[in-house]
Structure formats: structure tokens, C-alpha cells
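Everything below concerns the one structure shown next.
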């Protein structure tokens with residue numbers, strides 16, 4: 052009897068291999084037919100659908116409307132905004148043949164859609180009455196990356212990209228921050244992941260943006276992962292793509308542009324924040340299966356009936372429940388399978404428990420077992436799931452706090468970063484200082500700017516000039 | 052004051068122009084940056100989202116799981132199944148450059164994903180325990196078409212494609228027909244469109260399929276529109292792509308393959324079945340705005356308060372409602388705007404009505420006006436919307452019946468087809484006869500096979516041999 056899935060690498064033995072093992076063995080994805088592309092299998096895609104459902108509701112609260120724009124961008128259009136092109140040109144995939152003939156103009160598969168939205172807005176925007184435009188698109192984008200890892204960096208990934216226009220800089224900046232808060236709450240409410248949130252340094256901001264805001268999470272191996280970004284563009288794109296509208300004073304005006312997005316990279320965050328040596332540990336609110344019922348000695352009197360009854364009750368209550376009655380697999384095999392898949396609760400129903408009208412619930416989060424009267428389980432499950440969510444969030448929060456240190460010199464920064472985690476330091480935000488830190492620490496970058504300000508008179512430990520920000524540094528994915 | 056949108060062409064003056072006018076003026080779409088590609092704007096995309104929500108629920112009833120597979124197919128993989136390739140090769144868009152270098156192998160943008168699903172199943176299927184596999188994907192596909200029309204034929208469209216594997220031919224055939232029923236009910240329950248459903252002739256079936264089933268609708272101009280298809284492939288794809296599994300008898304077996312899909316073409320059907328000279332007429336269940344409230348003389352005492360109150364009540368009731376309080380537009384302008392957009396109900400609230408605690412509801416479907424006590428409206432609206440849905444379905448059903456004729460000779464067929472609509476005729480199902488009919492009638496095709504059988508001894512009017520089926524013919528989009 053296979054009691055434990057032996058094929059998975061220990062999390063602290065080889066984190067990278069453990070990660071890939073979990074992605075594959077939990078059947079979240081498979082490697083596709085083209086290098087770097089992946090198949091999003093049902094179990095992985097269902098998690099993404101939960102994220103979509105949450106965000107669609109939250110985005111609608113501030114008037115977001117979903118749209119769909121083309122997969123391809125004419126090369127000439129793509130080349131219009133200089134900084135943006137420079138950011139993406141090295142990794143584009145280009146079509147040159149259509150209907151058996153060479154195309155008049157090559158077409159770029161969208162690596163992101165600023166260009167397409169700008170061109171659409173140029174055509175369709177006419178009056179201040181049309182503003183704000185708060186559009187969002189769920190789609191895939193393609194980036195011809197050399198080194199790829201499932202969900203973290205891929206030739207194609209799924210995401211949402213918001214592209215919005217506003218009359219004033221204030222409205223646009225407000226939108227940028229509003230969405231950042233939604234992303235932060237996505238972590239707190241749904242993924243049980245505590246994010247750091249804040250502005251990116253000028254060096255780390257998005258190609259073409261005036262300001263980039265980010266949510267960053269800490270992975271088990273001590274590396275940071277950028278989990279979502281929200282950008283304020285000012286009127287740069289409006290100028291490059293000639294978007295204008297008739298303003299209130301009857302003059303042509305340029306709208307202010309924002310964009311924001313999260314991607315299937317969030318699946319990578321879930322795996323690397325919560326997972327353990329037995330595989331995936333899913334936060335209950337995104338788990339495609341929240342409860343699995345495993346009948347034990349299922350041919351004995353009443354076991355299947357009781358299992359089926361509980362299944363129906365839980366389903367009626369809106370719980371995502373699965374009854375695994377496959378009699379060609381042992382309970383032990385199933386225990387290990389659903390542990391690997393990170394199912395939050397497993398309910399075992401066997402003849403002995405049944406005699407006493409009891410059932411055993413195993414919590415995936417800590418492996419603990421709890422016995423409950425069978426007829427109270429349905430009522431209790433929602434509260435147990437909520438409690439597990441809170442505990443997972445708190446555990447990740449504690450880990451984040453423990454692994455966030457403070458440095459006051461370059462040497463201290465370098466030393467602390469060796470243990471992984473975030474290190475907070477007062478800083479001048481100059482590009483050259485950031486590059487020096489990166490070099491000295493073997494790759495650490497400024498992840499995001501803290502809300503707090505440096506005490507007056509604090510100097511940047513790199514150049515000795517006045518520090519203007521307090522910044523979180525980390526090695527990152 | 053603009054009382055009517057003069058820019059729209061009369062429906063019976065120039066149907067094609069009317070169609071394009073409605074697509075653009077109702078802001079369902081805009082022409083994209085690349086010829087043949089379109090932008091799906093919020094108002095059009097929201098209708099598609101309602102279709103998605105309905106189908107996701109229905110598909111789940113028989114165990115469908117959503118996945119996402121890559122956008123691109125390696126050319127060598129694409130070329131494996133001969134008939135399939137021949138069907139799609141002339142209209143593929145091909146990538147040849149990635150990351151600045153010529154690719155080792157060209158990549159085809161998916162025109163459909165049989166090839167990708169087959170390859171994924173080849174890699175991931177191992178045992179009969181894994182069957183059935185009932186996977187579905189929501190995505191866009193690209194077909195390099197020369198002549199394009201919004202929603203009906205485009206270089207890129209949105210669709211769902213189910214790709215399933217079964218142990219037996221019976222299970223696979225059952226799935227094919229089950230999905231056909233779901234599509235039929237989508238028409239009846241959501242779109243208010245009566246479909247003809249049935250098998251396609253062998254000549255008209257999908258490239259590589261053994262049997263193709265279809266739902267067909269009748270457009271206002273008398274042409275048919277294929278609105279959804281469900282295909283039974285047998286084991287052809289399994290063989291071509293070497294999909295196998297360990298069967299119950301411990302032998303390697305080939306699974307039976309089905310695919311099925313509907314696309315944003317359904318938006319075209321909605322427009323052309325229900326629309327009129329004033330623009331779009333939306334079936335209530337897919338309408339992004341089901342009720343629009345237009346305050347009249349909105350600065351007068353109590354008008355805005357009453358409008359706002361009604362808005363909140365309807366929203367609370369789950370109605371998709373909009374309150375248009377823009378005071379730079381006249382009520383007349385708004386009336387015409389929401390007529391163009393096909394909003395099912397318009398509620399006017401003005402000072403005079405308010406005095407009598409009344410409000411006027413205008414029905415888009417027939418332009419009729421009804422006065423109701425203001426405090427009864429919220430309660431009444433759901434039933435009114437349901438009634439409108441039924442009336443729209445019945446109207447389309449009547450039109451379908453009136454325009455479905457019966458022919459007993461080639462001459463009669465040709466004559467009847469001149470008026471548009473479907474013509475039913477006993478037929479031998481031979482390709483050569485079908486081609487003769489197409490030639491003689493100037494393009495009519497076999498749309499689908501009726502359930503009824505020909506009376507014994509009935510001959511095919513083309514070749515004089517025994518008729519085996521009764522078939523609906525029509526000119527089609």
C-alpha cells in the first residue's frame with residue numbers, strides 16, 4: 052500500500068525540484084507541446100477561476116467593464132512607444148505568414164496590451180462624457196523567455212490586464228492605489244497570503260510608467276515574489292498613441308492612463324507560501340475540492356450510504372466536496388493523493404466510527420485529526436474552513452514578520468540577506484546605488500518602498516547622501 | 052433633439068449594412084488594428100459572459116472541467132491528421148520568429164485545438180480509471196479569413212471547445228448528443244432563439260469527424276446560421292495522435308473522442324433574429340442592462356430621489372439596472388440610445404407621473420408603453436422580463452415555422468428557396484446530389500437532417516434513388 056508519495060523531493064532538500072514535483076504530481080499543469088508553454092490542467096485552472104471570480108466582483112465595485120482585444124499587434128503600432136518597446140522587444144513572438152502568404156506587415160503576439168488598448172481608445176474616445184474608461188481583459192500573453200518555470204515565468208501565461216483612462220491625474224492615481232488595495236485584499240481574503248505593498252523604486256518601475264505599485268510575497272525559501280502590479284502612466288501613452296477627447300472646456304485633452312494586472316504566477320505563490328513535504332496545501336477559499344470524503348471498508352454495512360448522505364448535505368451547503376468511492380484504490384492511497392493535492396479537509400467514514408455515529412476529520416494544514424458527531428459535521432465545516440484560512444494567513448504573516456529584518460549599513464544588508472527574507476533599509480532611490488546593492492549582494496533588488504519615512508538626517512548607506520525612502524530589499528524570483 | 056438615430060440603415064433596405072450599423076452603433080464591437088480582427092467592447096463582451104455563465108453551469112452537470120492549453124501548435128504536430136490539416140491549413144497564421152531569432156520550427160496559432168488536446172491526452176492519459184475525460188476550454192482562435200464580418204466570420208473569435216475521451220463509442224455518442232441538447236436549450240432558455248437540431252450530412256460534417264451534429268437558426272433575411280456543433284470522432288484522432296490507455300482487461304486501448312463548441316457567432320444570431328429598424332433587441336437574460344431608468348425633468352422636486360430609490364430596489368432584486376442621470380443629454384436622446392442598445396425595459400419617471408405615484412415602462416420588444424404604480428414596479432419587473440423572453444422566443448418560433456417549407460422536387464426546392472427560410476426535402480445524402488443542389492439553387496446547402504424518416508419508397512429528387520433522410524436546406528452565412 053502506497054502510504055506516502057515517495058516521488059516528491061523534500062522541500063528543504065531541493066526547493067526548486069520540490070516546486071516542480073508539486074506542480075506536476077498535484078496535476079496543476081503539464082509541460083506543453085512547445086518548450087516553455089504549459090497546459091493548465093483542471094486542478095490548476097480551477098484555482099485560477101476562483102481568483103477570477105473574486106476579482107470580477109471586486110473590480111465591478113469601481114465600475115470595471117470586461118473587454119477582449121486582438122491577440123496580435125501590427126509591428127508598426129508596437130514600435131510607437133520607445134521605452135515600452137525596449138522593455139518587450141527582446142522577447143516577442145512574431146507571425147510572418149497568413150493564409151499561405153507572407154504578411155505585408157509582421158504581427159506581434161501580444162506580450163501585454165497597452166498598444167492595443169491605446170489604439171482602441173484613440174478610435175473610440177470622443178468626449179469627457181466617455182470618461183472614466185475602466186476596462187479589463189482576461190487573456191493569455193506570450194513572452195519568448197529563455198528560462199521558464201511553471202507559473203513563475205513562462206512563454207505563455209494567463210492574466211488580467213486593466214487599462215483605464217481618466218480626466219485628471221488625481222483620478223488616475225486614485226485608481227492605481229485602489230486596485231493595489233484590491234490585490235492586497237485578494238491575498239488576505241482568498242489566498243491567505245500576506246503581501247507587502249508599496250511603490251516600486253524608479254529603477255524597478257514598469258517600462259513606460261511614471262509610477263509602479265506592487266504587492267510582494269515571501270516564499271518558503273526566503274525569496275520574494277512579485278504578485279501583482281498597478282501602474283500610473285500619466286499622459287505618456289496618450290501622447291505616443293494620440294488619444295484625445297473633447298474636454299469640459301471644449302478643448303482637446305489627453306487622458307491619464309493606468310494599467311494593472313495579476314497573473315497565474317499567483318498559483319506559484321500559493322504553492323511556495325503554503326506547501327509542505329507532503330505536497331500542496333491549498334487555502335480553503337481557492338481549493339477546487341474543499342472536502343474529500345473517503346469511505347473506509349466501504350463494502351461494510353452503511354458506510355457508503357452514510358458517505359453519500361454527508362456528500363449530498365455538504366454539496367447542498369455550497370461546499371466543494373468530492374466523494375471518492377473508487378474501490379480499486381485503498382484508503383491509504385487516497386489519503387496520500389489528497390494530501391498531495393492539498394485538499395483542506397479529509398473526512399473518513401468507517402464501520403467502527405459509524406457505530407458510534409462519529410467521523411474523523413483530518414486537517415491538511417497541520418495533519419491533526421478530530422472526531423465529530425456525524426450529524427454535526429455539515430454544520431461545522433464552513434466554520435472549520437474559515438478557521439483554517441485564518442490560521443494559514445496568520446502562519447504566513449508570522450513567517451513574514453520573523454523574516455523581515457532591518458539593516459543600517461551595506462555590510463549588515465548583505466549579511467542579513469544571506470538568510471533570505473526581506474531587509475528594510477533607508478535609501479536614496481538612485482539607480483546607481485541600487486545597482487551597487489545588486490552587485491554586492493549577488494542579486495538582491497529593491498522590492499517595494501515602505502510607508503514609513505526615514506528619520507530626518509538618515510543617510511543612504513551606499514552613497515552617503517540623504518535617504519528619501521525606506522525600502523524592502525530581497526532576492527526575488 | 053435627436054429623437055431617433057438617423058444613421059442606421061433600414062433592416063429591409065440593406066440587411067448587411069443594417070447588421071454592421073447595429074454592431075457598431077450599439078457599441079458591441081469596433082474594428083481592430085489588424086484587418087479582420089475586432090475589439091469586443093464591454094457591451095458585446097458582457098453578452099458573451101452571460102453565455103459563458105450559463106454554459107459553465109450546464110457543462111458542469113455532466114462533469115466538465117475547464118482547462119487552458121497553449122495558443123501555438125508546432126507545425127509538425129499540426130500536420131499529423133490529414134483530413135483535419137486539409138480543413139484548416141489554408142487559413143492558418145504562422146509564427147516564424149521568437150526572441151529575435153528564426154524559430155527552429157514554425158508555430159501555428161491555434162485555429163482549433165484538437166491537436167493540442169490530443170497531444171496532452173497522449174502524455175497524461177494512463178488508465179481506464181482516468182476516463183471519461185471531459186475537458187473544455189474558453190479561448191480565442193485565429194483563422195486567416197479573407198472576407199470577414201463582425202461575429203459571423205472573423206480572423207479571431209472567442210469560443211468554447213470541449214474535447215473529451217470515453218471508453219466506449221456509446222459513451223462518446225451519448226456525450227455528443229447531450230451537448231447538442233445543451234446548445235438547443237441555450238437557445239430556448241437564454242437567447243430566445245429556436246434552433247433546428249440534427250446531424251449534418253456526410254458532405255457537410257467537420258474535417259476529421261465521423262458525425263457532426265448542429266444547431267441552426269433562421270435569420271431575419273431568410274438565411275440560416277450554424278450556431279453550434281458537436282462532433283463524434285470515433286478513434287481517428289486517438290490513432291493519429293497515439294492516445295492510448297490501459298483498459299479494464301489490461302490491454303492498451305484507444306479512447307473515443309468528441310468535440311463541441313459555440314462561439315461569439317451567437318452574438319450575430321441574437322442581432323439578426325431579434326433586431327429591428329431601431330437597432331438591437333436583446334433577450335432579457337443576456338441583456339447587460341435589463342432595465343434603464345430615465346428621469347424626466349430631473350431637476351424637479353423628487354424626480355431624482357424616486358429614480359434613485361427605484362434603482363436601488365431593482366439592483367437589490369438582482370436586476371441589471373442602469374440609472375442614466377446625465378443632465379447634458381435630453382430624455383429623447385437617451386430613449387433613442389437605449390433603443391439602439393436593445394435594453395428590454397425603459398422606465399421613465401417624471402414630475403407628473405410622480406404626483407400620481409406612477410411610472411411608465413416602455414417595452415423594447417414592441418414599443419408598447421405601460422403605466423404602473425411606482426411602488427409595484429420592483430415586484431413586477433422579473434415577471435415582465437420573463438414574459439418578454441417567452442414572447443421573443445415565440446415570435447422567433449412562429450417566424451421559423453412560417454418560413455420552413457416542404458419540397459418534393461428540385462424545381463420546387465429552388466423556387467421555395469428564393470424566398471429564404473428552410474426547405475425540407477427527402478434526400479439520398481450523396482455528396483454528388485448535394486453539390487448539384489448547391490449549383491442549381493445558387494448556393495443552398497444541407498443544414499441539418501430532420502428527425503423524421505422519409506416515407507418508404509420516397510426517391511431522392513436529384514438522382515431518383517431511394518431517399519434515406521429528410522433534410523433541411525437553406526442558404527446560409
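Chains as they are written, first to last, in our numbering: chain A, 52 to 528; chain B, 52 to 528.
Just so it is clear, CB atoms sit at the ideal spot from N, CA and C, and this is done for glycine as well.
Note that the coordinates shown come from a computational prediction; the quantities given were computed from them, not determined experimentally.
Inter-residue Cα distance where the pair is residue i and residue j
{"i": "residue 101 of chain A", "j": "residue 278 of chain A", "result": "16 Å"}
{"i": "residue 435 of chain B", "j": "residue 99 of chain B", "result": "23 Å"}
{"i": "residue 53 of chain B", "j": "residue 71 of chain B", "result": "Low per-residue confidence applies at residue 53 of chain B: pLDDT is 36, beneath 50, and the placement is therefore not dependable enough to give any value."}
{"i": "residue 180 of chain A", "j": "residue 216 of chain A", "result": "12 Å"}
{"i": "residue 469 of chain A", "j": "residue 417 of chain A", "result": "29 Å"}
{"i": "residue 64 of chain B", "j": "residue 127 of chain A", "result": "39 Å"}
{"i": "residue 55 of chain B", "j": "residue 81 of chain B", "result": "Legend: pLDDT at residue 55 of chain B = 46, less than 50; position of this residue unreliable, no value from coordinates given."}
{"i": "residue 286 of chain A", "j": "residue 129 of chain A", "result": "18 Å"}
{"i": "residue 341 of chain A", "j": "residue 182 of chain A", "result": "42 Å"}
{"i": "residue 189 of chain A", "j": "residue 281 of chain A", "result": "16 Å"}
{"i": "residue 480 of chain A", "j": "residue 513 of chain A", "result": "10 Å"}
{"i": "residue 319 of chain A", "j": "residue 112 of chain A", "result": "27 Å"}
{"i": "residue 245 of chain B", "j": "residue 114 of chain B", "result": "26 Å"}
{"i": "residue 462 of chain B", "j": "residue 488 of chain B", "result": "10 Å"}
{"i": "residue 223 of chain B", "j": "residue 229 of chain B", "result": "10 Å"}
{"i": "residue 508 of chain B", "j": "residue 458 of chain B", "result": "16 Å"}
{"i": "residue 234 of chain B", "j": "residue 321 of chain B", "result": "14 Å"}
{"i": "residue 380 of chain A", "j": "residue 60 of chain A", "result": "24 Å"}
{"i": "residue 237 of chain B", "j": "residue 520 of chain A", "result": "57 Å"}
{"i": "residue 257 of chain B", "j": "residue 169 of chain B", "result": "17 Å"}
7 Å Cβ cutoff, residue i in contact with chain A
{"i": "residue 187 of chain B", "result": "no"}
{"i": "residue 171 of chain B", "result": "yes"}
{"i": "residue 176 of chain B", "result": "no"}
{"i": "residue 15 of chain B", "result": "The question about residue 15 of chain B has no answer here: the residues shown for chain B are numbered 52 through 528."}
{"i": "residue 116 of chain B", "result": "yes"}
{"i": "residue 413 of chain B", "result": "no"}
{"i": "residue 142 of chain B", "result": "yes"}
{"i": "residue 337 of chain B", "result": "no"}
{"i": "residue 123 of chain B", "result": "yes"}
{"i": "residue 432 of chain B", "result": "no"}
{"i": "residue 502 of chain B", "result": "no"}
{"i": "residue 273 of chain B", "result": "no"}
{"i": "residue 235 of chain B", "result": "no"}
{"i": "residue 52 of chain B", "result": "Its pLDDT being 31, under 50, residue 52 of chain B is placed unreliably in this model, and the coordinates cannot settle the point."}
CB-CB length for residue i against residue j, believed under 8 Å
{"i": "residue 429 of chain A", "j": "residue 361 of chain A", "result": "7 Å"}
{"i": "residue 529 of chain A", "j": "residue 495 of chain A", "result": "Nothing about residue 529 of chain A can be read from this structure; chain A reaches only from 52 to 528."}
Min CB distance residue i to chain B below 7 Å
{"i": "residue 387 of chain A", "result": "no"}
{"i": "residue 407 of chain A", "result": "no"}
{"i": "residue 146 of chain A", "result": "yes"}
{"i": "residue 182 of chain A", "result": "no"}
{"i": "residue 93 of chain A", "result": "yes"}
{"i": "residue 307 of chain A", "result": "no"}
{"i": "residue 88 of chain A", "result": "yes"}
{"i": "residue 96 of chain A", "result": "yes"}
{"i": "residue 83 of chain A", "result": "yes"}
{"i": "residue 311 of chain A", "result": "no"}
Residue i and residue j closer than 7 Å at C-beta
{"i": "residue 266 of chain A", "j": "residue 248 of chain A", "result": "yes"}
{"i": "residue 260 of chain A", "j": "residue 288 of chain A", "result": "no"}
{"i": "residue 93 of chain B", "j": "residue 445 of chain A", "result": "no"}
{"i": "residue 194 of chain A", "j": "residue 134 of chain A", "result": "no"}
{"i": "residue 439 of chain A", "j": "residue 505 of chain A", "result": "no"}
{"i": "residue 156 of chain A", "j": "residue 121 of chain A", "result": "no"}
{"i": "residue 354 of chain A", "j": "residue 402 of chain A", "result": "yes"}
{"i": "residue 254 of chain A", "j": "residue 485 of chain A", "result": "yes"}
Looking at C-beta atoms only, is the number of pairs between the stretch 305-312 of chain A and the stretch 369-381 of chain A that lie closer than 8 Å three or more?
no
Would you call the stretch 332-346 of chain B and the stretch 381-392 of chain B touching, i.e. three or more CB-CB distances under 8 Å?
With a cut-off of 8 Å, the stretch 381-392 of chain B and the stretch 332-346 of chain B count as touching, because enough Cβ pairs lie within range.
For the structure I just gave you, are there three or more beta carbon pairs, one from the stretch 199-208 of chain B and one from the stretch 87-94 of chain B, closer than 8 Å?
yes
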